[in-house]
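Student: Would you mind keeping the following structure in view while I ask a few things?
Chains as they are written, first to last, in the working numbering: chain A, 1 to 102; chain B, 1 to 131.
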């Protein structure tokens with residue numbers, strides 16, 4: 001696998017994996033599981049950093065910081081933003097990958 | 001080079017695995033507890049890991065605790081940390097306080113996310129794991 005293929009595989013994996021992680025995060029926040037939410041936000045922050053998805057990373061980081069403060073309601077307010085950033089990212093990525101196929 | 005990748009995030013795991021599998025077998029653990037178990041069974045079969053990439057923040061058991069336990073397991077087998085597995089912590093850029101604690105707990109280096117192939121390979125060269 002060359003580097004370009006690796007990048008594509010990582011990005012595709014990210015797009016497939018994130019909806020489940022957002023769902024888990026939402027469940028964590030609803031159940032008041034602050035430790036679980038912290039881990040999810042942190043993992044998504046790292047994953048998005050790996051692919052250079054800066055806007056998504058920034059929102060994940062906000063959620064992580066809110067969980068560090070123990071502020072579940074603040075963390076909840078950012079979940080919607082996270083979904084918006086994900087949708088945006090998914091569209092951009094799909095367009096880019098489509099453009100590449102001959 | 002035999003590697004253990006300890007990461008709770010799927011894409012970070014995939015990224016490390018795709019790069020590292022070119023240098024030898026790679027095993028996966030998704031939290032600190034699995035990592036310690038993997039290290040114990042590798043030592044029991046006399047095939048210890050050359051490299052362990054250890055995420056700091058994970059559910060179940062975090063990377064700091066796993067690091068301490070792994071060094072303790074090695075010590076109990078009479079392996080001094082400089083002869084043990086090379087342990088590289090993987091972490092977010094805004095997590096530098098944790099990196100300092102990790103050095104205190106005898107890690108050999110750290111990598112920040114985003115993980116970049118060039119940085120990873122440079123780190124492996126400086127640890128003399130690859131040429």
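Quick reminder that beta carbons are idealized off the backbone N, C-alpha and C, glycines included.
Since I believe residue 1/B is in contact with residue 115/B (beta carbons under 8 Å), could you give me their beta-carbon distance rounded to a whole number of angstroms?
Tutor: About 17 Å separates the two Cβ atoms, so there is no contact after all.
Student: Counting pairs of beta carbons, one from the region 47-57 of chain B and one from the region 89-102 of chain B, are three or more of them closer than 8 Å?
Tutor: Contact between the region 47-57 of chain B and the region 89-102 of chain B is present, because at least three Cβ pairs lie under 8 Å.
Student: Which chain A residues are close to residue 117/B, counting only those with a beta carbon under 9 Å from its beta carbon?
Tutor: Within 9 Å Cβ-Cβ: 3 and 6.
Student: Taking DSSP's pairing of strands, which residues face residue 88/B in a bridge?
Tutor: DSSP output for residue 88/B lists 53/B and 109/B as bridge partner(s).
Student: Leaving out five residues before and five after residue 113/B in sequence, what residues of the same chain have Cβ atoms less than 6 Å from its Cβ?
Tutor: Taken in chain order, the residues that qualify are 92.
Student: State the DSSP-derived secondary structure class of residue 43/A, mapped to helix, strand or coil.
Tutor: In the structure shown, residue 43/A sits in a helix (DSSP, three-state: H, G or I).
Student: Residue 15/B touches chain A at which residues, Cβ-Cβ below 7 Å?
Tutor: Those are 10 and 50, listed as they occur along chain A.
Student: What residues from chain B crowd round residue 14/A, counting only those whose CB sits closer than 7 Å?
Tutor: What residue 14/A touches in chain B: 11.
Student: Residue 87/B and residue 108/B - do their beta-carbons sit closer together than 9 Å?
Tutor: Yes. Within cutoff.
Student: For residue 71/A, count neighbouring Cβ atoms within 10 angstroms of its own Cβ and tell me buried if that reaches 16, exposed if not.
Tutor: The residue in question, residue 71/A, is exposed, as its Cβ has fewer than 16 Cβ neighbours within 10 Å.
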